[in-house]
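Engineer:
In the numbering used here, the protein residues as written are 1128 to 1767.
#1: Taking DSSP as the reference, what is the three-state secondary structure of residue 1176?
#2: What did DSSP end up calling residue 1491 once you bin it into helix, strand or coil?
#3: Based on Cα-Cα distance, which residue from 1626, 1423, 1395 and 1304 lies nearest to residue 1347?
#4: Go to residue 1749, then tell me how far its alpha helix (DSSP H) extends in each direction, as first and last residue.
#5: Return the CA-CA distance between residue 1581 and residue 1575, expressed in angstroms with no decimal places.
#6: Taking the alpha-carbon positions, what's the residue 1390 to residue 1467 distance?
#7: Measure the C-alpha to C-alpha separation of residue 1678 and residue 1687 and round it to an integer number of angstroms.
#8: What's the C-alpha gap between residue 1355 and residue 1431?
#9: Secondary structure at residue 1266, three-state DSSP: helix, strand or coil?
#10: Pop quiz: residue 1407 and residue 1451 are said to be a contact at Cβ under 8 Å. What is the actual Cβ separation, rounded to whole angstroms?
#11: To the nearest angstrom, how far is it from the Cα of residue 1495 to the Cα of residue 1426?
#12: Where does the unbroken alpha helix (DSSP H) through residue 1552 begin, and where does it stop?
#13: Out of curiosity, what's the CA-to-CA distance linking residue 1671 and residue 1653?
#14: In three-state terms, what does DSSP make of residue 1632?
#15: Can you list, in chain order, the residues of its chain whose CB lies under 6 Å from that of residue 1511, leaving out five sequence neighbours each side?
#16: At a cut of 8 Å, does the segment 1181-1188 reach the segment 1215-1227 through at least three beta carbon pairs?
#17: For residue 1751, count neighbouring C-beta atoms within 10 Å of its own C-beta (all shown protein chains included) and say buried if the count is 16 or more, exposed if not.
#18: Which residues mark the beginning and the end of the beta strand (DSSP E) in which residue 1344 is found?
#19: Excluding the 5 residues preceding and the 5 following residue 1599 in the sequence, name in chain order all residues of the same chain whose CB lies nearer than 7 Å to its CB.
#20: Measuring only the C-alpha atoms, how far is residue 1716 from residue 1601?
#21: DSSP three-state label for residue 1760, please.
#22: Would residue 1540 pass as a contact of residue 1516 if the rule is Cβ separation under 7 Å?
#23: Applying the criterion that 16 or more other CB atoms from any shown protein chain within 10 Å of the CB defines a buried residue, is residue 1736 buried or exposed?
#24: Looking at C-alpha atoms only, which residue of 1509, 1656, 1760 and 1708 is the closest neighbour of residue 1680?
#25: Where does residue 1200 sit, in a helix, a strand or coil, going by DSSP?
#26: Report the start-end ranges of each beta strand (DSSP E) in the segment 1370-1417 that is 3 residues or longer and not cut off at the edges.
#27: Kindly indicate the opening and closing residues of the alpha helix (DSSP H) around residue 1361.
#28: In whole angstroms, give me the CA-to-CA distance for residue 1638 and residue 1460.
#29: May I ask you to list the residues that DSSP assigns as paired with residue 1311?
#30: Please classify residue 1486: is it buried, with 16 or more other beta-carbons within 10 angstroms of its beta-carbon, or exposed?
#31: Where DSSP assigns a beta bridge to residue 1430, which residues make up the other side?
#32: What are the boundary residues of the beta strand (DSSP E) that residue 1241 is part of?
#33: Going by beta carbon distance, what residues of the same chain come within less than 8 Å of residue 1351, once the five residues before and after it are set aside?
#34: With DSSP run on the structure shown, which of helix, strand or coil describes residue 1229?
#35: Can you grab the Cα-Cα spacing for the pair residue 1583 / residue 1689, in whole Å?
#36: Going by Cα to Cα distance, which pick from 1327, 1409 and 1682 is closest to residue 1589?
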């Protein structure tokens, strides 16, 4: 049985003993910087690990508690499966305690343990008051009803009980998703002598092996994994739930930064614009000393997703502002791109002063371009997209008349191509989509509209041009679906022919019911055309000359085209010959070659008793048919 891996994170106010607690639990020092040890508080993320009694391996992220370093706390909190929510017994709940709880709520944390540190500094009566205060503060959150334990990192009291509780909760954590592509948000970068640049983070999904090709998003750097370490030991493979360090070939320290994501190539998209579902925290959850005005349309924000922090602005679709406690859909524009997908969670803070005010979920990593944003209908569309991956795929198809490739759909949802294909097949089976060549997904509604448009256009075309075999394919595409590429239109046409309503006859398209039936007048016209060309011999009429002899020139042109298709007349350049004349021309060419071995255009002209005007295009036609071959000024029989 494979070893289970989870990520544990700490949360709590500055100087409440988080780092000391982890040192007591693991024997590891998470304050990595000299400044942290000198000041006695964590500034950046710290890392440790432990093996629980059940054999579960827990990677631990120690986050800073000071208000100035909340952005670092956010980078760590995005990775965790379980939270050790730390409150010092001698101080109780403090401002950063509350803000960390809000952040965890916004990131939809699900499991945690309430840990009261510095037990040795208070008596039992005071400890009970702190217990009650904590229980009151976490009401209505994911920590309501969570196990609570008081410990001392100095005396060791309560640590065994805490380990037992951690192990029990760890066993409740569901297995990590290994079906999705590999994804590791970078939270730490360092250079190691002899190895080069090392990036580190918690593996969000999938797995990675030494030698695998990966991409750093949004940088677009594609490279290979030269080596892997998990919890200080070299490994060949690292999986979801582990913290891993990897050496990326050819990547310099300045090429990557915290907030970048290492992922399977082409599996994750980068964007500067994204549609989101945004919820602001209720006023009651903010400290009394903090006054936060409504978030206005176009307001600057600090946007946190995974380990990334970006500056951006928020724009609403149907309102001018969003008050605390309210929820809406919005578009966020960032100054720099971020790697994200549908369903990713984020937190926003005010630009200045920096206060956590809300968060939500990414609904559309690549929204359509909008001329204006005040569009109430956009909110309704996004509400459907937010429901599920299935509903998202249906709405995206509606936005893409040309269809959407499975690769792009997989990117937007951050699923494997196999998962995207499974979803596509399910939509096709339900009649919601048409899957083309297992590569392109197009809305069944769009396909049905196109089918109806093609049938109506062909019906109209046949009515106005009854003598035409069918409508030219490209003309039909422009008339019914100019937005479709010729290749996709051809594929859909082929699909429609299988239904028996449409016939694709070389480069023209017709209804299967279409038949050409000449009226008595049209038959008479046809005989006149044939006789006219036959009588003219090697001096045939020009096309326009012939058509002007009939009262309806357009109808005569269609009739002539039909006679040419049927082989009753032959079109040569701008002239119309009778088939008998073409056969006589072939015979003349053979006779001249038998007599002279070859012949010139002048010899052919004289033999046909015609002029150069007719002889030259006729000879070129014989070349085209493969009867003769031109060599300089003479012609010989092909193969002669």
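A virtual CB, placed ideally from N, CA and C, is assigned to each residue, including glycine. Everything numeric in this text was worked out from a predicted model, so none of it was measured.
Structural biologist: Per the coordinate set shown:
#1: Locating residue 1176 in the chain shown gives position 49, where the first residue counts as 1. In the structure shown, residue 1176 sits in a strand (DSSP, three-state: E or B).
#2: As a first step, residue 1491 is located in the chain shown; it is residue number 364 there, counting from the start. Three-state DSSP puts residue 1491 in a strand.
#3: The residue given as residue 1347 occupies position 220 in the chain shown. Out of 1626, 1423, 1395 and 1304, 1395 has the C-alpha closest to the C-alpha of residue 1347.
#4: Indexing the chain shown from 1 puts residue 1749 at position 622. Its alpha helix (DSSP H) spans residues 1739-1752.
#5: Reading the chain shown from its first residue, position 454 is the one you call residue 1581. Reading the chain shown from its first residue, position 448 is the one you call residue 1575. Looking at the two C-alpha atoms, the distance is approximately 10 Å.
#6: By one-based count along the chain shown, residue 1390 stands at place 263. By one-based count along the chain shown, residue 1467 stands at place 340. In a straight line, the C-alpha of residue 1390 is about 11 Å away from that of residue 1467.
#7: Position 551 of the chain shown, counting from 1, holds the residue named residue 1678. Position 560 of the chain shown, counting from 1, holds the residue named residue 1687. For residue 1678 and residue 1687, the distance between alpha carbons rounds to 14 Å.
#8: Position 228 of the chain shown, counting from 1, holds the residue named residue 1355. Position 304 of the chain shown, counting from 1, holds the residue named residue 1431. About 27 Å.
#9: Counting from one through the chain shown, the residue named residue 1266 turns up at place 139. Note: residue 1266 maps to coil in three-state DSSP.
#10: Position 280 of the chain shown holds residue 1407. Position 324 of the chain shown holds residue 1451. Between residue 1407 and residue 1451 the beta-carbon gap is near 5 Å, inside 8 Å, which marks them as a contact.
#11: Here the question's residue 1495 lines up with position 368 in the chain shown. Here the question's residue 1426 lines up with position 299 in the chain shown. Straight through space, the alpha carbons of residue 1426 and residue 1495 are spaced by roughly 21 Å.
#12: Here the question's residue 1552 lines up with position 425 in the chain shown. Taken as a continuous stretch (DSSP letters only), the alpha helix (DSSP H) holding residue 1552 covers 1544-1556.
#13: As a working mapping, residue 1671 is identified with position 544 in the chain shown. As a working mapping, residue 1653 is identified with position 526 in the chain shown. The alpha-carbon of residue 1671 is positioned some 16 Å away from that of residue 1653.
#14: One-based indexing of the chain shown puts residue 1632 at position 505. Note: residue 1632 maps to strand in three-state DSSP.
#15: Within the chain shown, residue 1511 is the residue found at index 384, counting from 1. Setting aside the 5 residues that flank it on each side, residue 1511 is surrounded in the same chain by 1518 and 1522, each with a C-beta closer than 6 Å to its C-beta; the list follows chain order.
#16: The segment 1181-1188 makes no contact with the segment 1215-1227, as fewer than three CB pairs between them are under 8 Å.
#17: On the chain shown, residue 1751 is found 624 positions in, with the first residue counted as 1. Answer is exposed; the Cβ neighbour count stays below 16.
#18: Locating residue 1344 in the chain shown gives position 217, where the first residue counts as 1. Bounds of the beta strand (DSSP E) holding residue 1344 are 1340-1344.
#19: If you number the chain shown from 1, residue 1599 lands on position 472. Excluding positions up to five away in sequence, the list reads 1634 and 1635.
#20: Here residue 1716 is taken as the residue at index 589 of the chain shown, counted from 1. Here residue 1601 is taken as the residue at index 474 of the chain shown, counted from 1. In a straight line, the C-alpha of residue 1716 is about 39 Å away from that of residue 1601.
#21: Position 633 of the chain shown holds residue 1760. Here residue 1760 sits in coil by DSSP.
#22: Residue numbering aside, residue 1540 sits at position 413 when the chain shown is read from its first letter. Residue numbering aside, residue 1516 sits at position 389 when the chain shown is read from its first letter. It is a contact, given that the beta carbons lie within the stated cut-off.
#23: By 1-based counting over the chain shown, the position of residue 1736 is 609. Here residue 1736 is exposed. Its C-beta has fewer than 16 other C-beta atoms within 10 Å.
#24: The residue labelled residue 1680 in the question sits at position 553 within the chain shown. The candidate whose alpha carbon is nearest that of residue 1680 is 1656.
#25: Translated into positions along the chain shown, residue 1200 becomes position 73. Reliability fails at residue 1200, whose pLDDT of 47 lies under 50, so the model's placement of it is uncertain and no value is given.
#26: Within the segment 1370-1417, the runs of beta strand (DSSP E) that reach at least 3 residues and sit entirely inside it are, in chain order, 1370-1375, 1388-1390 and 1396-1407.
#27: The sequence position of residue 1361 within the chain shown is 234, counting from 1. Taken as a continuous stretch (DSSP letters only), residue 1361 belongs to no alpha helix (DSSP H), being part of the beta strand (DSSP E) at 1360-1362.
#28: The residue given as residue 1638 occupies position 511 in the chain shown. The residue given as residue 1460 occupies position 333 in the chain shown. Note on geometry: alpha-carbon atoms of residue 1638 and residue 1460 lie some 49 Å from one another.
#29: Working through the chain shown from its first residue, we reach residue 1311 at position 184. Partner(s): 1389.
#30: Numbered from 1 along the chain shown, position 359 holds the residue referred to as residue 1486. The residue in question, residue 1486, is buried, as its Cβ has 16 or more Cβ neighbours within 10 Å.
#31: Counting from one through the chain shown, the residue named residue 1430 turns up at place 303. DSSP lists 1437 and 1475 as partners of residue 1430.
#32: If you number the chain shown from 1, residue 1241 lands on position 114. Secondary structure note for residue 1241: its beta strand (DSSP E) is the uninterrupted segment 1239-1244.
#33: Here the question's residue 1351 lines up with position 224 in the chain shown. 1338, 1339, 1340, 1341, 1375 and 1376.
#34: Looking up residue 1229 in the chain shown gives position 102. Looking at residue 1229 - three-state DSSP - the assignment turns out to be helix.
#35: By 1-based counting over the chain shown, the position of residue 1583 is 456. By 1-based counting over the chain shown, the position of residue 1689 is 562. Looking at the two C-alpha atoms, the distance is approximately 23 Å.
#36: For this step, residue 1589 is matched to residue 462 along the chain shown. Looking at the Cα atoms, 1682 is the closest of the given residues.
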